[in-house]
Every structure is written in C-alpha cells, then in structure tokens.
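In our numbering, the protein residues as written are 83 to 197. Worksheet: the structure to be examined is printed underneath.
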Amino acid sequence: MSTFVLYAAKTAVSALVIVAVTEIAKRSTSVAALVASLPLTSLLAFVWMHLEGAEPSRIAELSLKVLWLVLPSLAFFVVLALLIQRGHGFWVSLGSAVIVTAACYAVSLFFFAEA
C-alpha cells in the first residue's frame with residue numbers, strides 16, 4: 083500500500099470516528115459517551131502500526147504506555163464537568179480542564195518517561 087493511500091485511509095477513518103461521535107451525541111449523550119470512551123484512537127494506532135510492519139514488541143510497549151497515560155487524562159473530564167456544573171462558562175471550564183490535564187500529564191511523564 084502506498085504511503086499516500088495509507089495516510090488518506092488514516093485520515094478518513096479518524097475523521098469518521100469524530101463525526102460519528104458528534105452526530106450520535108445529538109441523539110444520545112450516553113451512546114456518544116460510550117463510543118467516545120472506546121479506545122478507538124489506540125486501536126487505530128495499533129492497526130496502522132501493524133499494517134506498516136511495526137514489531138509486535140513496539141505495539142505492546144505502546145499499549146502499556148497508553149494504559150499509564152489514560153490515568154491523568156481522566157482529570158480532564160472531572161474538571162470540565164465540575165466547573166460547568168458549578169456555573170462556569172464553557173470556555174473557562176474547557177481551558178481550566180486542559181491546564182489541569184496538562185499538569186497531570188507532566189507529573190505522569192516525569193515518573194513514566196523513558197530513561
């Protein structure tokens with residue numbers, strides 16, 4: 083498979099996932115949350131890596147690193163929901179959630195980064 087075709091396929095599949103979640107959310111936030119919470123990004127990355135000939139050990143290594151970095155990403159959802167529920171505006175809540183999440187990632191990477 084040519085590089086261009088592979089990039090086009092990656093882009094199309096990734097875009098379809100994002101569009102699907104936003105369209106499903108118009109009808110059911112629960113179903114959209116389920117689809118969004120699936121590890122689709124990781125799954126797609128693992129498939130693309132495999133198709134591009136990556137060593138299985140690299141895919142396994144990535145899988146374990148994703149596992150550890152999922153934990154700090156949870157802060158985003160907690161902060162965003164709490165701030166919006168407390169009456170803060172969307173953009174303030176979103177920005178605050180991004181900042182807190184970035185800080186959580188920085189701490190996590192400090193402890194889990196490659197030597």
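Virtual Cβ for every residue (Gly too), placed ideally from N, Cα, C.
Cβ distance (whole Å) where residue i is taken to contact residue j below 8 Å
i                 : j              : result
serine 190        : proline 154    : 5 Å
isoleucine 181    : serine 175     : Contact doesn't hold; Cβ gap of about 11 Å is too wide.
alanine 97        : alanine 107    : That belief does not hold up - the Cβ atoms of alanine 97 and alanine 107 are roughly 16 Å apart, past 8 Å.
leucine 126       : valine 95      : 6 Å
alanine 179       : valine 161     : 4 Å
phenylalanine 194 : tryptophan 150 : 5 Å
Proximity to residue i [Cα-Cα], best of the options
i             : options                        : result
leucine 146   : Ser178, Pro121, Phe159         : Pro121
threonine 183 : His170, Phe159, Val174, Gly171 : Phe159
glutamate 134 : Ala188, Tyr187, Lys92, Val180  : Lys92
valine 101    : Val117, Tyr89, Phe86, Val87    : Val117
valine 152    : Val87, Tyr187, Val95, Leu165   : Tyr187
threonine 85  : Trp130, Leu144, Ala185         : Trp130
serine 119    : Leu156, Pro138, Gly169         : Leu156
Terminal residues of the alpha helix (DSSP H) in which residue i lies
i           : result
leucine 165 : 138-167
leucine 133 : 122-133
serine 96   : 85-109
glycine 177 : 172-194
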